[in-house]
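Take 1 as the starting number for the sequence shown in our numbering and just add one per residue.
Heads up, the beta-carbon is just placed ideally off N, CA and C, and yes, glycines get one too.
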Amino acid sequence: PFQLDGMAFLMPRHGAVLADEMGLGKSMQAISSIRLLVRSGEARRVLVVCPKGLVSNWTRELADWAPELVVAVVEGDPQRRRWQWTLPDVPVKVANYEVLVRDRDLVAELGLSFDLVVLDEAQRIKNRASQTSEAVRSVTRRRSWALTGTPVENSADDLVGIFEFVAPGQIHERMAPRAMGAAVADHVLRRTKDKVLKDMPPRLNRDERIELTAEQRETYRRAEEEGVLRLADMGREATIRHVFELVLRLKQICNFDTATGESAKLDCLQAELEEVQASGRKALVFSQWVETLGRLREGLGRFGALEYHGGMSTTARDEAIRRFRHEKRHSVLLLSYGAGAVGLNLQFSQYVFLFDRWWNPAVEDQAINRAHRIGAAGAVTVTRFLSADTIEERIDEVLRRKRDLSDAILSQAEAPAASGLTAEELFALFKLAPPRAAELPGNAAA
């Protein structure tokens with residue numbers, strides 16, 4: 001029923017944000033609504049814009065939920081794309097964001113207009129000054145729909161950026177959270193799984209506090225002492241960049257000892273995966289570093305580990321998903337947060353491991369919800385690895401206090417706090433006094 005409510009919300013609106021929590025079937029609701037609009041004659045030209053890695057997902061879901069609709073994917077060389085943009089009698093065209101940026105002038109030159117433009121993972125346009133945002137907003141259209149499970153990732157300005165596409169001028173970044181919530185109320189539909197899915201498989205969260213090996217601890221201690229002394233010597237010349245570099249170095253040592261290659265986390269993960277494999281289940285493992293994924297694959301060979309990250313071609317990523325889904329010997333899929341946190345449907349996986357932590361809890365939630373979504377085979381166990389008495393625990397404490405911004409706006413609550421770490425909080429990780437500096441961007445570790 002809640003998905004029918006979603007369709008009833010979308011169809012009459014010319015500007016709409018479907019902000020359901022990840023796993024509630026936003027694309028299915030959008031496709032079903034598109035299908036009804038096309039069949040009723042209210043829409044003859046629909047453009048779906050999504051990240052490059054999700055184009056095949058969209059074509060597959062369009063075939064599942066609207067099999068009678070003719071769909072064209074805009075891709076390839078410039079001549080081929082020009083032909084695809086002008087194809088007649090094709091009600092739905094799918095293009096990735098990069099293609100739309102590249103073809104912005106071509107779309108204008110051809111005089112193309114659409115009855116409906118749907119943006120998937122619409123947080124891509126949160127920066128109003130970006131080429132992506134400008135290209136999307138330049139498309140002539142009658143209806144503007146945005147799909148995103150994280151309309152507010154780092155600050156209220158994220159939602160303002162999305163609304164410049166959906167309903168320009170409706171809100172601005174200086175509005176109080178309550179006023180902003182009231183202003184967007186008629187344009188935003190947000191449901192969470194605990195509210196709409198009474199029979200949703202349970203999600204069990206575990207924090208695995210891991211002691212570094214003796215050698216790893218010594219490497220970590222030396223790196224932290226040397227780094228803090230260097231920052232102290234720099235005094236007011238120390239910048240966020242210098243602190244951030246130290247944080248990244250320490251986080252990487254928590255994963256693998258740079259001197260010996262030892263990893264207490266890998267030892268723990270191997271033990272956990274023995275049980276996963278023995279039960280015939282599947283597991284997802286997330287890291288922020290592609291290099292870490294490569295080292296994990298070497299250490300998890302007996303579990304048939306596969307990789308999925310942005311450095312792979314779309315074909316290679318699709319093949320990894322196919323093999324992981326259908327071949328029993330592949331018990332583990334290793335994903336980067338950047339490529340694996342968005343749009344994938346991996347609800348046949350019962351275990352999720354966060355090998356290291358991302359800066360933004362919303363991105364972690366996206367990653368977790370690749371498995372914990374509608375159609376999940378059963379309970380999903382989420383294990384977050386935290387190295388004891390390290391920078392990882394300190395960052396976790398800060399992020400735990402700062403998870404409420406999105407809820408503050410979308411529920412019209414008061415006083416949200418930013419999700420990223422401020423300069424003061426970053427320096428405080430090492431008990432240092434910060435210089436006067438700007439906030440650390442929430443995607444600085446991308």
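For residue i, the first and last residue of its enclosing beta strand (DSSP E)
i           : result
residue 286 : 283 to 287
residue 229 : Not the beta strand (DSSP E): residue 229 falls in the alpha helix (DSSP H), residues 214 to 234.
residue 58  : Per DSSP, residue 58 belongs to no beta strand (DSSP E); it is in the alpha helix (DSSP H), 55 to 65.
residue 453 : Past the edges of the chain, shown from 1 to 446, lies residue 453, and the structure says nothing about it.
residue 255 : First-last for residue 255: 240 to 255, but that is the alpha helix (DSSP H), not the beta strand (DSSP E).
residue 167 : Taken as a continuous stretch (DSSP letters only), residue 167 belongs to no beta strand (DSSP E), as it is neither H nor E.
residue 394 : First-last for residue 394: 391 to 400, but that is the alpha helix (DSSP H), not the beta strand (DSSP E).
residue 384 : 380 to 387
residue 307 : 306 to 308
residue 25  : Per DSSP, residue 25 belongs to no beta strand (DSSP E) and is neither H nor E.
residue 352 : 351 to 354
Pick from the options that is closest to residue i, judged by C-alpha positions
i           : options               : result
residue 143 : 110, 93, 15 and 8     : 15
residue 286 : 295, 92, 215 and 202  : 295
residue 305 : 279, 226, 270 and 366 : 270
residue 289 : 138, 264 and 248      : 248
residue 367 : 337, 379, 386 and 383 : 337
residue 42  : 141, 67 and 94        : 141
residue 155 : 130, 138 and 175      : 175
residue 321 : 202, 96 and 284       : 284
residue 282 : 211, 357, 378 and 313 : 378
residue 51  : 132, 204 and 62       : 132
residue 128 : 339, 138 and 161      : 161
residue 346 : 80, 355 and 333       : 333
residue 293 : 256, 178, 67 and 245  : 256
residue 124 : 210, 97, 344 and 108  : 97
residue 210 : 88, 67, 272 and 194   : 272
residue 253 : 329, 279, 291 and 205 : 291
residue 351 : 229, 205 and 339      : 205
C-alpha distance - residue i paired with residue j, whole-angstrom precision
i           : j           : result
residue 216 : residue 389 : 12 Å
residue 27  : residue 372 : 16 Å
residue 189 : residue 241 : 38 Å
residue 56  : residue 77  : 18 Å
residue 53  : residue 318 : 9 Å
residue 369 : residue 259 : 35 Å
residue 11  : residue 37  : 7 Å
residue 173 : residue 163 : 11 Å
residue 380 : residue 32  : 28 Å
residue 181 : residue 122 : 18 Å
residue 93  : residue 86  : 10 Å
residue 311 : residue 301 : 20 Å
residue 69  : residue 90  : 8 Å
residue 364 : residue 101 : 28 Å
residue 112 : residue 360 : 38 Å
residue 192 : residue 151 : 13 Å
residue 307 : residue 400 : 29 Å
residue 357 : residue 169 : 36 Å
residue 414 : residue 324 : Confidence at residue 414 is low in this model, with a pLDDT of 30, below 50, so its placement is unreliable and no value can be given for it.
residue 95  : residue 107 : 12 Å
residue 64  : residue 58  : 10 Å
residue 71  : residue 82  : 16 Å
residue 316 : residue 177 : 43 Å
residue 245 : residue 277 : 37 Å
residue 84  : residue 309 : 28 Å
residue 344 : residue 228 : 40 Å
Beta-carbon proximity list for residue i, same chain, < 8 Å, skipping 5 on both sides
i           : result
residue 394 : 429
residue 9   : 16, 18 and 189
residue 171 : 159, 160, 163, 180, 183 and 184
Close-in-space but distant-in-sequence residues of the same chain around residue i (CB under 6 Å, 5 per side omitted)
i           : result
residue 99  : 74
residue 238 : 231
residue 118 : 30, 48 and 145
residue 443 : Unreliable positioning characterises residue 443 in this predicted model, as indicated by a pLDDT of 38, which lies under 50. A coordinate reading is not provided.
residue 431 : none
Proximal residues to residue i (C-beta, below 7 Å), its chain only, five neighbours per side dropped
i           : result
residue 250 : 220, 223, 224, 390 and 391
residue 104 : 135 and 138
residue 2   : 191 and 196
residue 201 : 376, 378, 379 and 380
Cβ separation of residue i and residue j, assumed to be a contact under 8 Å, to the nearest whole Å
i           : j           : result
residue 35  : residue 114 : At roughly 16 Å, the Cβ-Cβ gap does not stay under 8 Å, so residue 35 and residue 114 are not in contact.
residue 120 : residue 147 : 5 Å
residue 299 : residue 266 : 5 Å
residue 385 : residue 262 : Not a contact, Cβ separation roughly 15 Å.
residue 449 : residue 21  : The displayed coordinates of the chain run from 1 to 446. Any statement about residue 449 would go beyond what the structure contains.
residue 24  : residue 196 : 7 Å
residue 387 : residue 110 : Not really, about 55 Å apart at Cβ, beyond 8 Å.
residue 353 : residue 383 : 5 Å
Residue i CB to nearest heavy atom of the ligand SAM below 7 Å
i           : result
residue 163 : Among the ligands in the structure shown, none appear at all, so the ligand SAM cannot be discussed.
Residue range of the unbroken alpha helix (DSSP H) whose run includes residue i
i           : result
residue 80  : 78 to 85
residue 292 : 290 to 299
residue 133 : 131 to 138
Min CB distance residue i to chain B below 8 Å
i           : result
residue 136 : Looking at the structure shown, chain B is missing, and only one protein chain is on hand.
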